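Student: In UniProt numbering, the protein residues as written are 1 to 145.
1) Terminal residues of the continuous beta strand (DSSP E) containing residue 85?
2) According to DSSP, simplified to helix, strand and coil, what is residue 146?
3) Counting beta carbon pairs with one atom in the stretch 7 to 26 and one in the stretch 73 to 92, are three or more of them shorter than 8 Å?
4) With distances taken Cα to Cα, identify the nearest neighbour of residue 132 among 113, 99, 45.
5) Among 81, 27, 104, which residue has its Cα nearest to the Cα of residue 6?
6) Should residue 140 go down as buried or exposed, given a rule of 16 or more other Cβ atoms within 10 Å for buried?
7) One question on the structure: do residue 61 and residue 102 come within less than 8 Å of each other, judged by their Cβ atoms?
8) The alpha helix (DSSP H) with residue 104 in it runs from where to where?
9) Would you say residue 3 and residue 59 are within 8 Å of each other, going by their C-beta atoms?
10) From residue 111 to residue 51, what distance separates their C-alpha atoms?
Following this line, the structure appears as structure tokens:
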């Protein structure tokens, strides 16, 4: 599995925490920054992660900003992306099982690092159920046309 990860300035600390988790889990990732605490525009950081996942360069992506809202909105503008804004473990599992989400968005100002680590691990370890959910994913994809 190969992960693309990025944040804006509001998600820098949590991004570093999640990269540490990925190291612990021995999951390969590419960090798209930013590398400083200077204010940046989140769409600029959502774009390379979303495009990398959409074109198959990465299996999944993780985006973090202050609330996760801006990153999720920006990511979902890219064709082929199903980015889920998640702040609890149940939703992390559900969005993989039912929605086959390929990008996870979280907010550093909303959740702490311990919960974020649990969310990411659950999201990464949960498989898409398929079945009746495939039809629904296909309908979402039709909306992109």
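All C-beta atoms in this analysis are idealised placements derived from N, C-alpha and C, irrespective of residue type, glycine included.
All of these numbers come straight from a predicted model, not from anything done at the bench.
Tutor: Per the coordinate set shown:
1) The count along the chain shown starts at 1 and reaches residue 85 at position 85. Segment 83 to 85, the beta strand (DSSP E) holding residue 85.
2) Since the first residue shown for the chain is 1 and the last is 145, residue 146 is missing from the structure and cannot be characterised.
3) no
4) As a first step, residue 132 is located in the chain shown; it is residue number 132 there, counting from the start. Answer by Cα proximity: 99.
5) Taking the first residue of the chain shown as position 1, residue 6 is located at position 6. Of the listed residues, the one whose Cα sits closest to residue 6 is 104.
6) Counting from one through the chain shown, the residue named residue 140 turns up at place 140. By the 10 Å Cβ count, residue 140 comes out exposed.
7) Position 61 of the chain shown, counted from the start, is the residue given in the question as residue 61. Position 102 of the chain shown, counted from the start, is the residue given in the question as residue 102. Against a cut-off of 8 Å, the Cβ pair of residue 102 and residue 61 comes out as a contact.
8) For this step, residue 104 is matched to residue 104 along the chain shown. That residue, residue 104, is in no alpha helix (DSSP H); its beta strand (DSSP E) goes 103 to 107.
9) The count along the chain shown starts at 1 and reaches residue 3 at position 3. The count along the chain shown starts at 1 and reaches residue 59 at position 59. Yes, Cβ-Cβ distance for residue 3 and residue 59 is below 8 Å.
10) Translated into positions along the chain shown, residue 111 becomes position 111. Translated into positions along the chain shown, residue 51 becomes position 51. The straight-line gap from Cα to Cα measures roughly 26 Å.
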